[in-house]
Amino acid sequence: MPSTTSLEDNFTSVDTIQAPLPSNEWGESLAGSDITHMSEDWNVLATRNLSSIVETQISPVLSELDDYTGLDLVIDHFDSIHACVHNDTAGSLEYIHVNQTGVVQWTIVDDGNGNDVGAECDIKLDSQNRARIAYLDSDTSSLKFAFDARPHYVNYEDWHVRTVTEGWNVAGPLELSILDNGTDIVLWIDEDTGYLMTSYYASTFWRHESVIESLIEGYNARTHNGDRVRILHETGGLIRSMDWPNMTSTNIDAAPWIGAPLDQEVPGEGEAQLTYSAENDTVVQFVRSLEGRREGRITTSPILVVDADASSAKVGDFNCDGKSDFIIFMNQSLVVHHGRTSGFNPTPDIVLQQTTETESTISFDTGDMNRDGCDDVLFGMPYLNSSNGGARLHLGSSTGLDSVAFWTFDSSTLGAAFGSKVVFIGDTHNDGYDDWAVLASDEAGSGSVVGRIHLFDGGSQAPTSSSLTLAGTGTNLQYGWAIEALGDIEGDGYDDFAISSAGGLLDLTGYGKVEIHSGSSTGHSTIPSAQWSRTLQGTLLGYSVESLGDVNGDGYNDLGFGEPYVDTAGPGSNGAIHISLGGPNGFPSTFNQTILGPSSGSKLGYQIAAAGDIDRDGYDDVWAVRPGSGSSGDLVLFWGSSTGLSSTPRIFSYPDISDVVHSDDFDGDGQEEWLMIDDIQISVFEHLDWEQVSIEGPYAGESNFSELDLNIDGPGRSLIGVQTDSGLVILSRPDELSTSTSEWKQTKIGTAEAVYGITEAGQILALSICNDGSVCLHKETGLIASTHVVESTGSVGAQPTITPRSNLGGLNMSFMLGNSVLRFVEETITGFEVSSGPSLGQLNGTPIVLHGNVTIWKDDRTLKVGIMNDSQWEIHVIADQSVAGLGFSADVLDWGYNGPGNLTAAFIGNNSKLNLVKYDFSNSIIVNHSEIEIDGLDLNSQITLSPSPVVNNKPIIIVNSSGYASYRELILENSSLVSSWYNESIEGFNWTDSTGFLPLWNPVLGSFFTMLGNTSAGDSTYIQCVVISSIKTATCSNLPLSDQVDSRTINPWLGFGLRHDGSIETPFGIISEIQLDPSVGFAVTLAEHHGRTGYIMLGKTMSTNDALAIHLDTDTDRDFIPDIIDDLPHQGGQWADYDGDGFGDNSVATSFDDCSSDAGTSLFTEIGCGDFDNDGWSDYSDECATTGHSYIDRKGCSDADGDGWSNNGGDYASGDLSPTNWMQARDQDGDGLLDNHGPDCCGMDGADEFPFDPRQWIDADNDG
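In my numbering, the protein residues as written are 155 to 1418.
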């Protein structure tokens, strides 16, 4: 290794790293922002898909015989685990607490006193994070209950334990719920009848009643809205939801192959989410409302595909049945398909018009001209009468479109192309009829502008002539390029419309223009009422114009303009869309918002379309086509908001899209649709209000499952735990908030019984039974990906390398610029410094760059080495004109203070022999040069030397042109004669690989290498091998890289590689937001550099040919804020702590500091505020000045027995009537006997079995 020369100071992350931290929102909003490190900006990717699980055994060594079963857990809002577990050996119930940093506390709650207790335990937390546990006494078949008592003064036990039932045979599963008023509710099964029962405690005594008096096959319960318990249960293939205590029921689903196991979870707002079994416990069904959600609102696959080359489409209701009908121009025909509940009929209901001219098109529009409730069709035929052109209007009715045109008009102007565009422009006269505009695109306009627009007035009779003709002004423009009806934007009762003057993407055009023409009692004027224009020629302002709906929710429709060449008159433009927000006075003279395209050539503004309010948030959304984004374009959706459109869109990877058309409801299911039109087909996608997903196995190799557990994190992501015979599998869609196409990810927890929970920020925390009955903790850690373009000049980034200079001294990178220039990058305290490497001459093959930027390459047939000496490259010739073969390899043997000492090189010489050279840099001489004859070696052989010697051996691998491969151990030197290098070759083992894959050496363990596995024999795609020299055989093991990884890019020792599609496979998940070119290599390292530690990757982007670096930063608490900028790295959802009291300032998480500018220690009601008496209650809510832990009648007052009721004293007499007996507190009927009763109750005080009847207090025969 090179010696470390300290050129920079040591830096901490505080010194070198900055980022704009989100405020009062979840950490995912950091996506798209820049993390600045050493003056370079790293853009944060949106993916949450990267994480790992660390397993640790936590059970204490109480006895070697201890055997744990029956886990349950809950997570508090400080990310601590509270869990219960049954010690099967001791027969006890035990409690586990694991705080956010991993500190474990283990307590025996109930030793059973000779009975076996603790089975079927269920644990929940009250509003003070006090644990409450319901569980069974298996010997007596009774229900028991324990709660964590705060510090008190009588019997200093930590837990209060009660037997709740007697006389019933109680069986599990148990479901414990806690209402907002503190009522504990336990559901259980009466083993004698199979009925569902409940026992509930309302602050003074337990009550019992039946809930469902019929056999149920599985159930689950959750608190809903704080005042009820929602019970999901299954009976004979019927899944039903029921609320207790009001007993209202809803049927969810029914089929003979569905049912338990099942689970539900109720988010903070909205409807419950459900999961249940299907296909006899082999398929997981997941159902949820999408209320309040943005993603998942559109079907991921089309519900209908219509094969239609070069088509166009509109929507209307031509037969007045309330369903949208499609009118499509395809295959030279204008056809109508009526909407119907039975779905799309491939045979058109109406063929309205046909043309035999293959290059001719028919323009068309839909609207209700006569306002009879049935939409009409207007269409133009610019090819008619030798391109004079004509147009027709057909009226709709209850029987569909009339086959006879209501209005017919043929132009007499020679070659005018009348009908090139037709548009209903609304009721511009306010006479009750819609008017329309017809473009004659080739009719002479004004000056060099071509095109005239003819306006026709609607009425009960068809007009015989145009009421007004409009001609544009300007230079080299197509007038009427876009015509858009706007409705009544000025509020004067007259509809208005917009006209743009632009041109095609390949046209030489003038100064783009958009104008508005306002309606009036006398119709339109030739003078526009508003106008927008450009001073830069050829930007194509107005290429698309669209009435967008109300994107900012102010009650006025807004207008969008496309300008695909906004920043340059040519195809390299990013493009833009401009938004003018409507108001009481129409549109402003300047744009309210401009959104630029993401990259050069994307051409945003090519087409925009109103989308409606997709996410149902009260703001209309907008589609936009970007034809130059990626290899074949894409479609994006901009979300509406109170300030206009979101600047960061949702990307849909639909290639070659030309337009999007909104449909109200084609199939009568109450959901709107969108028609996505591309070059070859029309794909119809549907809106969703509910999501129902079938998730098929296998689940980590298992087909069947026995339990389901659904959880929802703070931002709204859903996770499903699937218990199998070989462990718990957690199904999640980490990126579901940013993409509706997110796949279900499987995370395996343990190999046996396990339970899990998630923090508000989305971190998985789990416990499992492990190591033959012990308990293990599983904790998820996230990684945040960010990218930095290292260089973007030309085609750059091929054959990348990346190495750390030292632990803290930055990174070295290299890559090719084009095919003949090698670029080097040095990370300094002021950023990345890029320079060119040594002159490569007639480069033959790919250069090799080793640690310290030592570079080996072939200049024609000469093997050269370059090393950096100060700022100059020092060139050494290793073999002059003797390197005939394709392959060569080299490695630095040792390092001196000033750089490399000796180098070993291997190549195929002119004589087709393996040549081995040892070169001394300090003396610039070849120390040894040996030639070895190897069978099968040819000039096309590839060779690779091990990066480090093993004793005095130097392993080498050779793969010839036929795929014959050989592992050999070369003796480096004879101990008695140093000059006799490479005097012997020991053959290791041989194989044949038809792919010609050159195995990769492990850079740390030089005797280990990776090769392709024999998948037909059970190997994985890639295997890691080590050769045992004494027996000349290899021992190999499977590697986790998938078969989708390109073998040219794998880094098997770190577990990284590029997939064939350019996405990055990592040990932590897939990065699919960026695509790197796998054909030109990929590099990755793990390093600490300038106070920042993580994985750093380097590759060449597919779309832009840039050298791109990707950094993975650790996110311990999984809140999407990397630890390097997180002040509270163990507290999910919190990352800033202004007052330094340990409580974060982010208000969306429940651990929010209510006194963010005042340091405090309070934990209850208000968090992080002053707490003078240190009892956990803030001074704002504490009702007593001295320390106390009461919480039922008063907060923070003395509670001697720890039952939650405060002691009476002074003027206060509404507290605990038995302050030293935690089982008793109240006497509601005033008979002198306190209310609580039941088994093992109630110590020194009497028990009132009739707490509401002062004349009764005991029921000796239990008859009620």
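Glycine included, every Cβ here is placed at the ideal spot set by N, Cα and C. The model shown is predicted, which means the values in this text are computed figures rather than measured ones.
Q) For N1416, which residues from the same chain have a beta carbon less than 8 Å from its beta carbon, with the 5 sequence-adjacent residues on both sides left out? A) By 1-based counting over the sequence shown, the position of residue 1416 is 1262. For N1416, same chain residues with a beta-carbon under 8 Å away, outside a window of 5 residues either side, are G321 in chain order.
(Q) Need the endpoints of the beta strand (DSSP E) that S593 sits in, please. (A) If you number the sequence shown from 1, residue 593 lands on position 439. According to the sequence as given, residue 593 is Leu; it is not Ser. Per DSSP, L593 belongs to the beta strand (DSSP E) from 589–598.
Q | Per DSSP, cross-strand counterpart(s) of M192 | A | Residue numbering aside, residue 192 sits at position 38 when the sequence shown is read from its first letter. Partner residues in a beta bridge of M192, as assigned by DSSP, do not exist.
Q. What residues match up with S574 in a beta bridge as DSSP calls it?
A. What you label residue 574 is simply residue 420 of the sequence shown in a count that begins at 1. The secondary-structure analysis by DSSP pairs S574 with nothing; it has no beta-bridge partner.
Q. Can at least three beta-carbon pairs, one atom from the segment 1278–1298 and one from the segment 981–998, be found at a separation below 8 Å?
A. Segments in contact, no.
Q: Compute the minimum distance between the beta carbon of G527 and the heavy atoms of the ligand PLP, and state whether it is under 7 Å.
A: Summarising the ligand content, the structure contains no ligands, and the ligand PLP is consequently not present.
**Q.** Cβ-based neighbour list, W777, same chain, cut-off 7 Å, excluding 5 preceding and 5 following
**A.** The sequence position of residue 777 within the sequence shown is 623, counting from 1. Here the set comprises I762, A763, A765, L789, L791, V814.
Q) Applying the criterion that 16 or more other CB atoms from any shown protein chain within 10 Å of the CB defines a buried residue, is R442 buried or exposed? A) Translated into the one-based positions of the sequence shown, residue 442 becomes position 288. Classification for R442: buried.
Q. Helix or strand or just coil, what does DSSP make of N1023?
A. For the purposes of this step, residue 1023 is identified with residue 869 of the sequence shown, where counting begins at 1. Annotated three-state conformation of N1023 is strand, per DSSP.
Q: Give the C-beta separation of S1095 and G1053 to the nearest angstrom, bearing in mind that I take them to be a contact with Cβ-Cβ under 8 Å.
A: Position 941 of the sequence shown, counted from the first residue, corresponds to residue 1095. Position 899 of the sequence shown, counted from the first residue, corresponds to residue 1053. Contact doesn't hold; Cβ gap of about 31 Å is too wide.
Q) Where does D1413 sit, in a helix, a strand or coil, going by DSSP? A) Reading the sequence shown from its first residue, position 1259 is the one you call residue 1413. Note: D1413 maps to coil in three-state DSSP.
Q: Take S1217 and list the residues in its own chain whose beta-carbon comes closer than 7 Å to its own, dropping the five residues that flank it on each side.
A: If you number the sequence shown from 1, residue 1217 lands on position 1063. Here the set comprises I1224, I1225, S1226, Q1229.
Q.
According to DSSP, is S541 part of a helix, a strand, or is it coil?
A. The residue labelled residue 541 in the question sits at position 387 within the sequence shown. In this structure, S541 counts as helix in the three-state DSSP scheme.
Q | For L184, the three-state DSSP class (helix, strand or coil) | A | For the purposes of this step, residue 184 is identified with residue 30 of the sequence shown, where counting begins at 1. Per DSSP, reduced to three states, the secondary structure at L184 is helical.
Q. So who's on the other strand from V883, going by DSSP bridges?
A. Counted from its first residue, the sequence shown places residue 883 at position 729. Looking at the DSSP assignment, V883 forms a beta bridge with V876, K902.
Q) Between the beta-carbon of Q632 and the beta-carbon of G605, is there less than 8 Å? A) Counting from one through the sequence shown, the residue named residue 632 turns up at place 478. Counting from one through the sequence shown, the residue named residue 605 turns up at place 451. Taking a C-beta distance under 8 Å as the contact criterion, Q632 and G605 qualify as a contact pair.
Q. Would the beta-carbon of G729 fall within 8 Å of that of Y760?
A. The sequence position of residue 729 within the sequence shown is 575, counting from 1. The sequence position of residue 760 within the sequence shown is 606, counting from 1. Yes; because the gap between Cβ atoms is below 8 Å, this pair is in contact.
Q: Check whether the segment 927–940 touches the segment 197–214, counting contact only when three or more Cβ pairs, one atom from each stretch, lie closer than 8 Å.
A: A contact is defined here as three or more CB-CB pairs under 8 Å, and the segment 927–940 meets this definition with respect to the segment 197–214.
Q | Start and end residues, beta strand (DSSP E) containing K1072 | A | Here residue 1072 corresponds to residue number 918 of the sequence shown, with the count starting at 1. If you look at K1072, you'll find it in the beta strand (DSSP E) that goes 1068–1074.
**Q.** Extent of the continuous beta strand (DSSP E) run through C1179
**A.** As a working note, residue 1179 is residue 1025 in the sequence shown. That run of the beta strand (DSSP E) goes 1176–1182.
**Q.** Alpha-carbon to alpha-carbon, L1388 and G1400
**A.** As a first step, residue 1400 must be located in the sequence shown, where it is residue number 1246. As a first step, residue 1388 must be located in the sequence shown, where it is residue number 1234. Cα-Cα distance, rounded: 6 Å.
Q: Have a look at the DSSP bridge pairing and note the partners of F651.
A: In the sequence shown, the residue the question calls residue 651 occupies position 497. Under DSSP, F651 shares a beta bridge with A639, H671.
Q | Alpha carbon of N1013 to alpha carbon of G1063, nearest angstrom | A | Looking up residue 1013 in the sequence shown gives position 859. Looking up residue 1063 in the sequence shown gives position 909. Here the sequence assigns Asp to residue 1013, which means Asn is not the residue at that position. Distance between the alpha carbons of D1013 and G1063: 14 Å.
Q. Got a sec? Which residues, its chain only, sit under 7 Å from P992 by beta carbon, not counting five neighbours each side?
A. Along the sequence shown, read from residue 1 onward, the residue named residue 992 stands at position 838. Answer for P992: T1009, G1020, W1027, I1029, listed in chain order.
Q) Under a three-way DSSP split, which group does R1202 fall into? A) Numbered from its first residue, the sequence shown carries residue 1202 at position 1048. Three-state result, R1202: helix.
Q: Examine the Cβ distances between the segment 525–532 and the segment 543–552 and report whether three or more of them are shorter than 8 Å.
A: Under the 8 Å Cβ criterion, the segment 525–532 counts as touching the segment 543–552, having at least three qualifying pairs.
Q.
Output needed for V1132: all residues of its chain with C-beta closer than 7 Å, excluding positions within five of it in sequence on either side, in chain order.
A. On the sequence shown, residue 1132 is found 978 positions in, with the first residue counted as 1. With a pLDDT of 49 at V1132, under the threshold of 50, the modelled position of this residue cannot be trusted, and the question is left open.
Q: Could you name the residues that DSSP lists as bridge partners for R384?
A: Position 230 of the sequence shown, counting from 1, holds the residue named residue 384. According to DSSP, which records beta bridges pairwise, R384 is partnered with R376, D397.
Q: For P742, I'd like the list of residues in its chain whose CB is within less than 8 Å of its CB, leaving aside the five on either flank, ordered along the chain.
A: In the sequence shown, the residue the question calls residue 742 occupies position 588. Closer than 8 Å at Cβ, skipping near neighbours: S734, L735.
Q: Note down the Cα distance separating Y710 from I768, rounded to an integer number of angstroms.
A: As a position in the sequence shown, residue 710 is number 556, starting the count at 1. As a position in the sequence shown, residue 768 is number 614, starting the count at 1. Taking the Cα positions, Y710 is about 18 Å away from I768.
Q) What are the boundary residues of the beta strand (DSSP E) that C1395 is part of? A) Start at 1 with the first residue of the sequence shown, and residue 1395 comes out as number 1241. In the DSSP assignment, C1395 falls outside any beta strand (DSSP E), carrying neither H nor E.
Q: Take E419 and list the residues in its own chain whose beta-carbon comes closer than 8 Å to its own, dropping the five residues that flank it on each side.
A: Here residue 419 corresponds to residue number 265 of the sequence shown, with the count starting at 1. Same-chain partners within the cutoff: R376, A426, Q427, L864, N865, I866, S872.
(Q) If the criterion is Cβ atoms closer than 8 Å, does the pair E182 and P869 meet it? (A) As a first step, residue 182 is located in the sequence shown; it is residue number 28 there, counting from the start. As a first step, residue 869 is located in the sequence shown; it is residue number 715 there, counting from the start. A distance below 8 Å separates the beta carbons of E182 and P869.
(Q) With distance defined between alpha-carbon atoms, name the residue in S949, A598, T1187, T957 nearest to P1157. (A) The residue given as residue 1157 occupies position 1003 in the sequence shown. Looking at the Cα atoms, T957 is the closest of the given residues.
Q: Under the assumption that L175 contacts A1290 (Cβ atoms under 8 Å), give the Cβ distance between them as a whole number of angstroms.
A: Position 21 of the sequence shown, counting from 1, holds the residue named residue 175. Position 1136 of the sequence shown, counting from 1, holds the residue named residue 1290. With a Cβ gap of about 6 Å, L175 and A1290 count as contacting.
Q: Spatial neighbours of G664 within its chain, please: CB distance less than 7 Å, with the 5 preceding and 5 following residues excluded, ordered by chain position.
A: For the purposes of this step, residue 664 is taken as residue 510 along the sequence shown, with counting starting at 1. Spatial neighbours of G664 in its own chain (CB-CB distance under 7 Å, excluding positions within 5 residues in sequence) are listed in chain order as G628, T629, N630, L631, Q691.
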